[in-house]
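Student: Before anything else, here's the structure in question.
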Amino acid sequence: MGIRRVRFAVRPEQRKALVFLLGIVLGSAAIFALRVVPWSSGRWFAASSAASSHGALAGKVVVLDPGHGGIDGGAVGLGGEIVEDDTVLAIALYLRDYLQGAGAYVRLTREGDYDLAGEGRGRRKERDMRARAQIMNSPDVDLAVSIHLNSVPSPKWWGAQVFYGEDPPESACLAWHVQRALAEHLGTPRLPKKRDDLYLLRVARVPTILVEAGFLSHPEEARLLLDRTYQRRVALAVYDGIARYAAGNEPCPPPSSVPAQGEFRD
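Here our numbering is used: the first residue of the sequence shown is 88, the next is one more, and so on.
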């Protein structure tokens, strides 16, 4: 019998330590649904790990697509100290472990520093993207997540954001849950956004999202993304959102009820 619920009494300042300790002692599958909620006294907190929503991933086929790779390193930050392709691969591998811990079958479009263009130099980016889309749209796939990092000329922008396409309509719901989880885990002040101009989202035949996990053009966020612990936090947030989507216990709001940027209603 698997662990269904674990409760601990902790002080507010002990919450982060408890999360870290549970991750070591109980393993990935037990910590993912961790919630910290006020106790009746208002001074103590109960940490509750419920496996109900995360059990919904058992048997699901999930494709993870770490962007770029090979000669296409993607965005660069901190004067070349951090490169997009290496960082998103690390996040994807952590996310794979979390998903597998919940019983999902995971496929990665790449597991090393290479692209999917194959032999030849001509039209490499086009061939690479088509190969990724073919994997992500395989008939037995339940959902797909492409992971990237952002970069813009201004250093003021920060925060992870989730993008989705017009079809299939379930992509918007998946994006909502993952964006909400990113807000809760990382404090990112953004909302999901529809982007039909992105190839992988435009040709999606299964629920598909693209996660921009942060801005390499923002020095502080770039330094965070260099840290393995923060990479795990990003992966855990995405995992949590996927699990909520798979469980179907929290219906997605209609577009008219989407709150202001950075705010999420319970």
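Every residue, glycine too, gets a C-beta built ideally from N, C-alpha and C. Predicted model, so just to flag it, every value in this text is computed and none were measured.
Starting from Glu299, trace the beta strand (DSSP E) both ways and give me its first and last residue.
Tutor: Translated into the one-based positions of the sequence shown, residue 299 becomes position 212. From DSSP, the beta strand (DSSP E) with Glu299 extends over Thr295 to Phe302.
Student: For the candidate residues Phe302, Gly161 and Ser233, whose alpha-carbon lies nearest to that of Leu50?
Tutor: For the chain, the structure presents residues 88 to 353; residue 50 sits outside this window and is missing.
Student: What did DSSP end up calling Ser258 once you bin it into helix, strand or coil?
Tutor: Looking up residue 258 in the sequence shown gives position 171. Three-state DSSP puts Ser258 in a helix.
Student: Do Val265 and Ala324 come within 9 Å of each other at the CB atom, strictly closer than that value?
Tutor: Counted from its first residue, the sequence shown places residue 324 at position 237. Counted from its first residue, the sequence shown places residue 265 at position 178. Yes. Within cutoff.
Student: Cβ of Leu285 within 9 Å of Cβ of Gly328?
Tutor: Within the sequence shown, numbered from 1, the residue matching residue 285 stands at position 198. Within the sequence shown, numbered from 1, the residue matching residue 328 stands at position 241. Contact flag unset, no.
Student: Could you tell me the alpha carbon to alpha carbon distance between Leu303 and Pro226, rounded to whole angstroms?
Tutor: As a working note, residue 303 is residue 216 in the sequence shown. As a working note, residue 226 is residue 139 in the sequence shown. Roughly 35 Å between the two C-alpha positions.
Student: Helix, strand or coil for Arg230, going by three-state DSSP, please let me know.
Tutor: Residue numbering aside, residue 230 sits at position 143 when the sequence shown is read from its first letter. The identity of residue 230 in the sequence shown is Leu, whereas the question assumes Arg. If DSSP states are grouped into helix, strand and coil, Leu230 belongs with the strands.
Student: Among the residues of its own chain, which have a CB less than 7 Å from the CB of Val193, if the five just before and after it don't count?
Tutor: Indexing the sequence shown from 1 puts residue 193 at position 106. So the list reads Val149, Leu151, Arg183, Leu186 and Gln187, once near-sequence residues are dropped.
Student: DSSP on Lys280, reduced to helix/strand/coil?
Tutor: By 1-based counting over the sequence shown, the position of residue 280 is 193. Strand.
Student: Closest by CA to Gly164, which one among Ala333, Glu337, His305 and Glu198?
Tutor: The residue labelled residue 164 in the question sits at position 77 within the sequence shown. Gly164 has its Cα closest to that of His305, out of Ala333, Glu337, His305 and Glu198.
Student: With respect to the beta strand (DSSP E) encompassing Pro306, which residues constitute its N-terminal and C-terminal limits?
Tutor: By one-based count along the sequence shown, residue 306 stands at place 219. Taken as a continuous stretch (DSSP letters only), Pro306 belongs to no beta strand (DSSP E), being part of the alpha helix (DSSP H) at Pro306 to Leu313.
Student: So who's on the other strand from Asn237, going by DSSP bridges?
Tutor: The sequence position of residue 237 within the sequence shown is 150, counting from 1. In DSSP, Asn237 forms a bridge with Phe302.
Student: Along the chain, where does the beta strand (DSSP E) containing Pro151 start, and where does it finish?
Tutor: Taking the first residue of the sequence shown as 1, we reach residue 151 at position 64. It should be pointed out that residue 151 corresponds to Leu in this sequence rather than to Pro. First-last of the beta strand (DSSP E) with Leu151: Val148 to Pro153.
Student: Where do the ends of the beta strand (DSSP E) carrying Leu165 lie?
Tutor: The count along the sequence shown starts at 1 and reaches residue 165 at position 78. Run containing Leu165: none; DSSP gives neither H nor E here.
Student: Under the three-state reduction of DSSP, which class applies to Leu195: helix, strand or coil?
Tutor: Locating residue 195 in the sequence shown gives position 108, counting from the first residue. In the structure shown, Leu195 sits in a strand (DSSP, three-state: E or B).
Student: Between the C-alpha atoms of Asp202 and Asp215, what's the straight-line distance to the nearest angstrom?
Tutor: Counted from its first residue, the sequence shown places residue 202 at position 115. Counted from its first residue, the sequence shown places residue 215 at position 128. Between Asp202 and Asp215, the C-alpha separation is close to 6 Å.
Student: Just the Cα atoms here: how many angstroms apart are Ala177 and Arg210?
Tutor: By one-based count along the sequence shown, residue 177 stands at place 90. By one-based count along the sequence shown, residue 210 stands at place 123. Their backbone Cα atoms lie some 27 Å apart in a straight line.
Student: Give the single residue among Pro340, Pro338 and Ala330 whose Cα lies nearest to the Cα of Gly142.
Tutor: Residue numbering aside, residue 142 sits at position 55 when the sequence shown is read from its first letter. Measuring from the Cα of Gly142, the nearest candidate turns out to be Ala330.
Student: Report the rounded CA-to-CA distance for Arg315 versus Cys260, giving the unit in angstroms.
Tutor: Along the sequence shown, read from residue 1 onward, the residue named residue 315 stands at position 228. Along the sequence shown, read from residue 1 onward, the residue named residue 260 stands at position 173. Cα-Cα distance, rounded: 29 Å.
Student: Over what stretch of residues does the alpha helix (DSSP H) that includes Tyr286 continue unbroken?
Tutor: Along the sequence shown, read from residue 1 onward, the residue named residue 286 stands at position 199. Its alpha helix (DSSP H) spans residues Tyr286 to Arg289.
Student: Which same chain residues end up closer than 8 Å to Leu144 when comparing Cβ atoms and leaving out the 5 residues on each side of it in sequence?
Tutor: As a first step, residue 144 is located in the sequence shown; it is residue number 57 there, counting from the start. The residues are Leu186, Ala189, Gly190, Ala191, Ile329, Ala330 and Ala333.
Student: Exposed or buried, which one is Glu308 when buried takes at least 16 other CB atoms within 10 Å?
Tutor: Locating residue 308 in the sequence shown gives position 221, counting from the first residue. It is buried - the Cβ of Glu308 has at least 16 other Cβ atoms within 10 Å.
Student: How big is the Cα-Cα spacing for Ala138 and His155?
Tutor: Here the question's residue 138 lines up with position 51 in the sequence shown. Here the question's residue 155 lines up with position 68 in the sequence shown. Since pLDDT at Ala138 reaches only 42, below the 50 mark, its modelled position is unreliable, and the value read off the structure follows with that caveat. In a straight line, the C-alpha of Ala138 is about 34 Å away from that of His155.
Student: Quick check: what's the CA-CA separation for Ala322 versus Val298?
Tutor: Locating residue 322 in the sequence shown gives position 235, where the first residue counts as 1. Locating residue 298 in the sequence shown gives position 211, where the first residue counts as 1. Rounded to whole angstroms, Ala322 to Val298 spans 11 Å at the Cα level.
Student: Run the CB neighbour count on Asp283, radius 10 Å, all protein chains shown included, and call it buried at 16 or more, exposed below.
Tutor: Walking along the sequence shown from the start, residue 283 turns up at place 196. With fewer than 16 Cβ atoms within 10 Å of its Cβ, Asp283 is classed as exposed.
Student: Do Thr174 and Ala300 come within 9 Å of each other at the CB atom, strictly closer than that value?
Tutor: Translated into positions along the sequence shown, residue 300 becomes position 213. Translated into positions along the sequence shown, residue 174 becomes position 87. Contact: yes.
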